[in-house]
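K.L.:
Here it is: the structure, laid out below.
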Amino acid sequence: MNRKILVVTICVFLLLSGILVRAGGEAINGRKSVGENRDSVDDFNGTINIVDNPYSDIDWDTINSYKSAFHVHTTESDGLSTVEERIDEHKECGFDVLSITDHDTRQIPNPTWPWSDFNTTLEEDWVEEYNDMEQSAFYSELGENGMLAIKGNEISGSAHIGSYYNDAGWDSTILSRVIYSLRNRLPLPHQQTIPHRKIFPAEDKALQYIDENDGLSQYLHPSVYDRSSEFYIDFFDEYDSALGHEIFSSDDGEKLRYGEVRDLWDDLLSEYAPDGRQIYGWANTDVHESGSEEVNGAFQLVLAENHSEPGQIRKSIEKGRMFWVANLATYETNERIGVEVDEIKTETEDALIEVNVTGNL
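Mapped onto the working numbering, the consecutive letters of the sequence shown carry residue numbers 32 to 392.
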């Protein structure tokens, strides 16, 4: 592995780091139109102030990075790998954290949970709960370092939302349980559905439920819906559980789609940075096809001391201690690519951020 020191300007590194900065001089006041807050770097002659740095209190001698997937599908919805197969695919590619997010409109809206229901050989080391609701579990037998399972669902109403650490989409009616026990377990062709009511036809209802039940969420592939930044600002204003949105989402290995939503990310950061609020960017595979080669094209690296300790990964996600990685080259190999971030230093006087990394760029 090559050890390198990167010194990059803030305007470039913001896409990676999540460090929020504000330019002195003219403050960002009120809500502006899309792109109106984007100033030219050449025209800037003010000062740089760090509003929020999620890495400032990290002990870089003890921190680890955990390869994580937050948007995947199985045969429980419209994926082509069974739950057991999908878990094994991620294990083979070195994932440490996995949230299976089957659609809540297919076959049955329940989150695909617990994993031991779909692979009876698995046994949880521990299960984390909130108000008697299971949120996460750890399986030490999966992979070299064990794997953290996070309860998830893709809420597929008027817009799609990745829901985590809660039961959003859960339908506990007797009828649904009967359907669950009798349903056809054969894989559904991609994009085909079994008719089922949408539990949350509008995203505000889903986000309200997630808020009330101690969950976390992100908007999935937002550019599909052709909405303005102001539309999303209304929801981020209202719901604290909404942490951010996908920046990259790979289309079953063919391409990385929706890169244009980086403009949306810029607009949201311009809106919230003055108040120190983070809007996090995510890279996910949205994998439907089968095979380990399909799951490695986009992922998050979450920084934590120990993913096997309850609550550590969630705390890091909430604080923004993570990076997204997106690279089509990973579809040619199952090797782990990207970098290990060893240390981040900020120098506001020179508007520079120094990053010590190990890996290949």
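A virtual CB, placed ideally from N, CA and C, is assigned to each residue, including glycine.
In this text, all values refer to a predicted model and were calculated from it rather than measured experimentally.
Taking the DSSP output, what are the residues bridged to residue 334?
P.N.:
According to DSSP, which records beta bridges pairwise, residue 334 is partnered with 96.
K.L.:
In the DSSP assignment, find the unbroken beta strand (DSSP E) run with residue 309 in it and report its ends.
P.N.:
Here residue 309 belongs to no beta strand (DSSP E), and DSSP marks it neither H nor E.
K.L.:
State buried or exposed for residue 200, treating a residue as buried only when at least 16 other CB atoms are found within 10 Å of its CB.
P.N.:
It counts as buried.
K.L.:
Since residue 355 is in the beta strand (DSSP E), which residue starts that stretch and which ends it?
P.N.:
Here the beta strand (DSSP E) through residue 355 covers 353-357.
K.L.:
Tell whether a beta-carbon distance below 8 angstroms holds between residue 1 and residue 235.
P.N.:
Summary: the structure shown does not reach residue 1, with the chain confined to residues 32 through 392, and so no result is reported for it.
K.L.:
What first and last residue would you give for the beta strand (DSSP E) that runs through residue 295?
P.N.:
Where residue 295 is concerned, there is no enclosing beta strand (DSSP E), although the alpha helix (DSSP H) it sits in stretches over 293-303.
K.L.:
Is the CB-CB distance between residue 242 and residue 272 below 8 angstroms?
P.N.:
It is a contact, given that the beta carbons lie within the stated cut-off.
K.L.:
Nearest-angstrom Cα distance between residue 153 and residue 249?
P.N.:
Near 28 angstroms, if we compare the C-alpha coordinates of residue 249 and residue 153.
K.L.:
Identify the continuous beta strand (DSSP E) that holds residue 238 and give its terminal residues.
P.N.:
It is not in any beta strand (DSSP E) - residue 238 instead sits in the alpha helix (DSSP H) that spans 234-243.
K.L.:
Taking the C-alpha atoms as reference points, what is the distance between residue 182 and residue 260?
P.N.:
If you take the alpha carbons of residue 182 and residue 260, they lie about 29 angstroms apart.
K.L.:
What first and last residue would you give for the beta strand (DSSP E) that runs through residue 86?
P.N.:
Careful: residue 86 lies outside any beta strand (DSSP E) and carries neither H nor E.
K.L.:
Using the Cα positions of residue 85 and residue 338, report the straight-line distance between them to the nearest angstrom.
P.N.:
The alpha-carbon atoms of residue 85 and residue 338 are separated by roughly 18 angstroms.
K.L.:
Which residue from 120, 143, 122 puts its Cα closest to that of residue 131?
P.N.:
Closest by alpha carbon: 143.
K.L.:
In whole angstroms, what separates the C-alpha of residue 172 from that of residue 302?
P.N.:
C-alpha separation (whole angstroms): 44 angstroms.
K.L.:
Taking C-beta to C-beta, are residue 299 and residue 264 nearer than 8 angstroms?
P.N.:
Yes.
K.L.:
Is it true that the CB of residue 245 sits closer than 8 angstroms to the CB of residue 196?
P.N.:
Yes, these two residues count as a Cβ contact at 8 angstroms.
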